[in-house]
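Asker: Protein chains in written order, with the numbering used here: chain A, 922 to 1032; chain B, 362 to 471. Yeah, the Cβ is synthetic: ideal placement off N, Cα and C, and Gly gets one too. Pasting a structure below so you can have a look.
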């Protein structure tokens, strides 16, 4: 069966520091991969998605970036964090156009 | 603009008191309507996919239905462990993206 791993679970970072969140999927090949952000009490906002290695689509202009160095690895990065980057970050995968399956998220607090 | 709206924002039920959650969508060319359950501090857990008006899916005390403009998640005789936030999302033809509603927070009291 397929599993998705996302880490770390929580992270506290100062303003201006870099960020790297990692997500890996097991048990499937060539999944579509996604990064979402969820603000408190609000819906999920799509940040990036990828349909293949090196293919990244950005949905929201911001100081975040994403990379897919391997088939089942998706990384969310920032060179300099802003206070507004605080939130709950979720990685997800899907088998083509099927439903998304989410990891357990990273709670990021920028201080 | 493609949009998904959920109501109510919050719902309190007594154990055994059945009710329904609403998800209205304005998406051109709906490909699928998805329901998720999210517990505090966790990622959303996939529940159902509905593809066409009139379709119904069931899982334990939950039943999801779909019309041309909205979807309902019916909860029959809920238990405290059904307490969670329920999210719905829609996707358009040939799109990998899901548009999420802001969710309904359900609290079931014993």
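(1) Note down, in chain order, every chain A residue with its Cβ under 9 Å from the Cβ of residue 392 of chain B.
(2) According to DSSP, simplified to helix, strand and coil, what is residue 448 of chain B?
(3) Is DSSP giving residue 441 of chain B helix, strand or coil here?
(4) Given a threshold of 16 other Cβ atoms within 10 Å of its Cβ, counted over all protein chains shown, does residue 412 of chain B qualify as buried or as exposed?
(5) For residue 410 of chain B, would you say it is in contact with chain A, using Cβ-to-Cβ distances shorter than 8 Å as the test?
(6) Considering only the beta carbon of each residue, do residue 1004 of chain A and residue 1031 of chain A sit closer than 8 Å?
(7) Quick test of the definition: if touching needs 3 or more C-beta pairs under 8 Å, does the region 454-471 of chain B touch the region 375-393 of chain B?
(8) Going by C-alpha to C-alpha distance, which of A/928, A/970, A/937 sits closest to residue 1002 of chain A?
(9) Three or more C-beta pairs under 8 Å: does that hold for the region 366-373 of chain B against the region 941-948 of chain A?
(10) One question on the structure: do residue 959 of chain A and residue 967 of chain A come within less than 8 Å of each other, judged by their Cβ atoms?
(11) For the region 453-464 of chain B, which residues have a CB atom closer than 9 Å to at least one CB atom of chain A, in sequence order?
Answerer: Inspection of the coordinates gives the following:
(1) Translated into positions along the second chain, residue 392 of chain B becomes position 31. The contacting residues are 1018.
(2) As a first step, residue 448 of chain B is located in the second chain; it is residue number 87 there, counting from the start. If DSSP states are grouped into helix, strand and coil, residue 448 of chain B belongs with the strands.
(3) Here residue 441 of chain B corresponds to residue number 80 of the second chain, with the count starting at 1. DSSP places residue 441 of chain B in helix when its eight states are reduced to three.
(4) Working through the second chain from its first residue, we reach residue 412 of chain B at position 51. Its Cβ having fewer than 16 others within 10 Å, residue 412 of chain B is exposed.
(5) Counting from one through the second chain, the residue named residue 410 of chain B turns up at place 49. By this cut-off, residue 410 of chain B is an interface position.
(6) Within the first chain, the letter at position 83 stands for residue 1004 of chain A. Within the first chain, the letter at position 110 stands for residue 1031 of chain A. Contact: yes.
(7) yes
(8) As a working note, residue 1002 of chain A is residue 81 in the first chain. Here the closest residue by C-alpha is A/937.
(9) no
(10) Position 38 of the first chain, counted from the start, is the residue given in the question as residue 959 of chain A. Position 46 of the first chain, counted from the start, is the residue given in the question as residue 967 of chain A. Their beta carbons are not under 8 Å apart, which means residue 959 of chain A does not touch residue 967 of chain A by this criterion.
(11) 455, 456, 457, 458, 459, 460, 461, 462, 463, 464
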